[in-house]
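So the structure is just underneath, and the comments pick up after that.
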Amino acid sequence: MPDFAEAGAARVDPRVRRTREALRATVRRMAHDGDLASVTVSEVARRSGINRATVYLHYRDREALLLDAMEEAVGEILEAALRCSRELAATGPDADAPPGHLVRLFAHLADNRPLYRGLLGPHGSPACLDRLRELLAEGWRQQLARDGATVDGLPTGLHAAFLAGALHGVIVEWIAAADPTPPADVARGVWVLLRRPATAVAGRADRPTAHR
């Protein structure tokens, strides 16, 4: 799971862990309540019962605190995404059925929609959005390079960027939707798009053109 913290060896100290967890929990509560705009170092310190100067001993600024607070949330998304990469070559009669982990990912996002909407929605953190996309792209790049997977000579970095941008865009749009598609349905659609982007978008090449 990705680690956004900058404490290094200081994480070993139980007091440091308790302080950081208290701060992360406060940020997550504020994001869950749709209150991310009010996440300032001073306000997080006040709600956590921790001195403001102490917060700066652990985080250089507000964005570093936000990134650390969403570590677990991003880890869930990244793990599912990398598993998708490993299964993209699946074949057989059930190839279009999304893997269980992808369904569980969207179910998890749905169960925690207020939190993810606060972090990744229209009023979320640009730093969190950028970091999620970067981690998805880098994770997929490493996976594709390790597996030797290529698509018509497309550089691995571009392939990874395409996959990362696709999943990132779907998550952001779906999280913000007023009437979201059910998790199982969106997981199936994402899986089909990842496996067969050309046919999924354009349809069969030999399909007759409709005449009006």
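Numbering-wise (UniProt numbering), the sequence shown opens with residue 1 and increments by one.
The beta-carbon is built from N, C-alpha and C at its ideal position, and this holds for glycine as well.
So, is residue i buried or exposed, given that buried needs 16 or more other C-beta atoms within 10 angstroms?
| i | result |
| --- | --- |
| Gly139 | buried |
| Pro93 | Residue placement at Pro93 is poorly supported in this model, since its pLDDT is 43, which falls under 50; the coordinates are not used for a value here. |
| Pro183 | buried |
| Gly153 | exposed |
| Thr91 | In this predicted model, Thr91 has a pLDDT of only 45, less than 50, meaning its place in the structure is not dependable enough to derive any value. |
| Ser38 | exposed |
| Ala69 | buried |
| Ala31 | buried |
| Arg46 | exposed |
| Thr156 | buried |
| Ala178 | exposed |
| Leu57 | exposed |
| Ser48 | buried |
| Leu144 | buried |
| Arg52 | exposed |
Run through DSSP, which three-state label would residue i get?
| i | result |
| --- | --- |
| Met30 | helix |
| Gly153 | coil |
| Gly49 | coil |
| Ala137 | helix |
| Arg98 | The sequence shown places Pro at residue 98, not Arg. In this structure, Pro98 counts as coil in the three-state DSSP scheme. |
| Pro183 | helix |
| Ser125 | coil |
| Tyr56 | helix |
| Ala178 | coil |
| Thr19 | helix |
| Gly148 | coil |
| Val172 | helix |
| Val190 | helix |
| Val39 | coil |
| Asp13 | coil |
| Asp130 | helix |
Quick check on this structure: which residue in the options has the alpha carbon closest to the alpha carbon of residue i?
| i | options | result |
| --- | --- | --- |
| Ala166 | Val186, Pro155, Val41 | Val186 |
| Val74 | Gly153, Leu193, Gly100, Glu134 | Glu134 |
| Gly124 | Leu67, Ile77, Asp179 | Leu67 |
| Val170 | Thr26, Asn51, Val39, Trp191 | Trp191 |
| Arg104 | Arg195, Asp179, Pro114, Glu79 | Glu79 |
| Glu71 | Leu132, Thr181, Gln143 | Leu132 |
| Asp147 | His58, Pro98, Arg83 | Arg83 |
| Pro98 | Arg188, Thr156, Arg15, Leu163 | Arg188 |
| Val172 | Asp13, Ala53, Pro126 | Pro126 |
| Leu23 | Val44, Phe106, Asp33, Leu36 | Val44 |
| Arg113 | Arg195, Arg18, Arg28, Arg17 | Arg28 |
| Ala137 | Val41, Arg17, Ala161, Arg18 | Ala161 |
How do the region 55-62 and the region 99-119 stand: do at least 3 beta-carbon pairs fall below 8 Å, yes or no? Output reads no: the region 99-119 does not touch the region 55-62.
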